[in-house]
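Under the UniProt record's numbering, think of the first position of the sequence shown as 1, with each following residue one higher. Ideal Cβ positions, reconstructed from N, Cα and C, are used throughout, including at glycine. Fair warning: this is a prediction, and the values are worked out from it, not measured in the lab.
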Amino acid sequence: MFDLDRWQEIFQTISKNKLRTILSGFTIAFAILLFTLLFGIGNGLKHTFEKQFAGDSQNSVYINSGTTTKPYKGLQSGRQIQFRNEDAKFINEKFPDEIQFFSPNIQRSMQAIYKGEQNRYTVRGVYPDYQPLESAVIQDGRFLSYIDIKRRAKVIAIGRLVEEDLFGAKSAMGKNINLDGISYKVVGVFNDPGGDNDERYIYAPFTTIQGMYKPNDEVDYFGLTFNSKLSVDEALAFSNLLTKVLKEKHNIDPRDQAAIRVRNYAEGTKNVQQFMTVLNVIILFIGIGTLIAGIIGISNIMVYIVKERTKELGIRKALGATPSSIIGMILMESIFITALAGYTGLMLGVFALRALGDSLEKYFILNPSVETYVVVGATIVLIIAGTIAGYIPAKRAASIKPIVALNDE
């Protein structure tokens, strides 16, 4: 393997047959390059879908009320369904084992002012349980607490971009922000993987906001997470049953789709999983096809190379070269070219994906990249294929008698 004379001989053979070497190397490099790009773009699509769901917990369920579109039990259509605190109690008592976190929500747009800076933001009155629904990560201070809920405290947790808008490079912690004429103390700053929009929310205690703006115990909507032990199908069955019992409670026709809307992220997760499975199968199929094309190309080139060198091999045998030494020389040359070209294709593919970067985001391809083990594995497959492709014709050539090889035209 580390015979210096053997390697010198291989390099001499390569230098004397540049076109042959370039053609075989190009076939291998192109196969790995295409393989890398395909998997990179596939992963970019996967990253796009993951980002779409990053803003909320994957086991989130949101319950909104609307207007009835069908008459039911003597009641006319066009009724506005209004959730109240009793609905929160009803839901929790009905599904104690299925619900993990739960929070009623009141949402208002308010003008926020701090000294000379002001902007308009969405303010949500929530319970502490709402934090995991939005996947909000506290970067400074804390989120709301149940003591805040009990005391109806005028405190808020603000998004990172709210702090940036109103306070610039300074910390908002402990400062007071005026929201529609009422002063609230900042107790926490959060960031959110959902992006800029989710980092411009302001969260306040539910009881504080309800006491000021909803005197009749009204609730805008509910948010909850279902038990993580539930399968996707069980989670969907849970949300269907939840919809059914809420319609029964509010005397809504079971066929009325507008009066109560339950959005279960499990359904989206299931659809994405199915899509990604199909996508992965397609990419894998194309990738395998690309590798097979590369393997066929290597095989054809190696057959041609060995046939072209038949007379040379005959001279070597006439001078005393053993069949094993001839086979070993051809195999080493084949492995070397395959490994070098494969690595070149791999590097070109990785470089191309990095160069593309976020430029493909408009085509719903985010951060196209490929795991190292995938392309390394593909390269190894091609090296093995190159070895086999070189071994078969080399073994056949090594078995030819010198006189026959020397007479070959």
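Compute the beta-carbon to beta-carbon distance between residue i and residue j, rounded to the nearest angstrom, for a pair I have assumed lies under 8 Å.
| i | j | result |
| --- | --- | --- |
| G66 | A259 | 5 Å |
| E98 | F226 | 5 Å |
| V186 | I158 | 6 Å |
| L144 | V126 | 7 Å |
| L45 | L279 | 6 Å |
| I202 | I149 | 16 Å between Cβ atoms; not a contact. |
| K21 | I337 | Inspection of the sequence shows that residue 21 is occupied by Thr rather than by Lys. With a Cβ gap of about 6 Å, T21 and I337 count as contacting. |
| I283 | F39 | 6 Å |
| L236 | N264 | 6 Å |
| L319 | G25 | Their Cβ separation, rounded to whole angstroms, is 29 Å, which puts L319 and G25 out of contact at 8 Å. |
Exposed or buried, which one is residue i when buried takes at least 16 other CB atoms within 10 Å?
| i | result |
| --- | --- |
| L179 | buried |
| S378 | In the sequence under discussion, the amino acid at residue 378 is Ala, which differs from the Ser named in the question. Buried, by the Cβ-count rule. |
| F222 | buried |
| F206 | buried |
| G294 | buried |
| K311 | exposed |
| A172 | buried |
| T277 | exposed |
| D358 | exposed |
| Y184 | buried |
| D196 | exposed |
| Y146 | exposed |
| K247 | buried |
| P96 | exposed |
| L313 | buried |
| G42 | buried |
| S109 | exposed |
| S15 | exposed |
| F275 | exposed |
| F351 | exposed |
| L366 | buried |
| L4 | exposed |
| L353 | buried |
| G74 | exposed |
Between the Cα of residue i and the Cα atoms of the options, which residue gives the shortest distance?
| i | options | result |
| --- | --- | --- |
| P193 | R152, L45, P132 | P132 |
| L346 | S324, I330, S369 | S369 |
| A394 | I28, M276, N300 | N300 |
| Y373 | A398, S399, I22, I32 | I32 |
| N92 | L284, V245, I182 | V245 |
| I335 | I383, Y343, V306, R263 | I383 |
| G289 | V381, V350, N216, M329 | V381 |
| E163 | Y121, K150, I147, L37 | Y121 |
| I392 | D148, K214, V306 | V306 |
| T387 | F167, V303, K154 | V303 |
| S103 | A112, I63, L360 | I63 |
| R152 | L230, G211, A352, L236 | G211 |
| A88 | L224, T208, R354 | L224 |
| I400 | V376, R316, L353, I337 | R316 |
| F101 | Y213, R396, Y130 | Y130 |
| G141 | K115, G74, D165, G174 | G174 |
| L37 | V375, A235, Y265 | V375 |
| K214 | K73, A352, T27, R84 | R84 |
| V61 | A204, V262, T243 | V262 |
| A112 | Q8, L19, I182, P128 | I182 |
| residue 463 | H47, A204, K270, K94 | Outside the shown range of the chain, which is 1 to 409, sits residue 463, and nothing can be said about it. |
| A204 | S228, P128, T243, K270 | P128 |
Starting from the C-beta of residue i, find all residues in its chain whose C-beta is less than 8 Å away, skip the five residues before and the five after it, and write them out in chain order.
| i | result |
| --- | --- |
| Q139 | R160, V189, F190, N191 |
| I81 | S65, G66, T67, T68, H250, I252, A259, I260 |
| A169 | none |
| E86 | D217 |
| G287 | F35, L38, F39, A378 |
| I28 | G294, G297, I298, I337, T338, A341, G342, G345, L382, G386 |
Leaving out five residues on either side along the sequence, give the residues of the same chain with a beta carbon under 6 Å from the beta carbon of residue i.
| i | result |
| --- | --- |
| D220 | N105, I106, Q107 |
| I330 | G390, A394 |
| A398 | P323, I326, I327 |
| K70 | S77, D253, D256 |
| Y114 | L166, I177 |
| E117 | L166 |
| S239 | V61, V262, N264 |
Is any heavy atom in the ligand ADP found nearer than 7 Å to the beta carbon of residue i?
| i | result |
| --- | --- |
| F102 | The ligand ADP is not part of this structure, which contains no ligands at all. |
Less than 7 Å between C-beta atoms, sequence neighbours within five positions excluded: which residues of the same chain meet that for residue i?
| i | result |
| --- | --- |
| E199 | G159, R160, L161, N191, D192 |
| L291 | A31, F35, A378, V381, L382 |
| A266 | N59, V232, A235, L236 |
| T243 | I260, V262 |
| K94 | V245 |
Note down, one range per segment and in chain order, each alpha helix (DSSP H) of at least 4 residues found wholly within the segment 156 to 193. 160 to 167
What are the uninterrupted segments assigned as beta strand (DSSP E) that are 3 or more residues long and contained completely in the segment 212 to 273, given in chain order? 221 to 226, 260 to 264
Which complete alpha helix (DSSP H) runs does the segment 121 to 146 hold, if anything under 4 residues is left out? 130 to 134
Please list the segments of the alpha helix (DSSP H) lying wholly inside the segment 311 to 393, counting only runs of 4 or more residues, in order along the chain. 323 to 356
Please give me, in chain order, every unbroken run of the beta strand (DSSP E) with length at least 3 that falls completely inside the segment 33 to 81. 60 to 65
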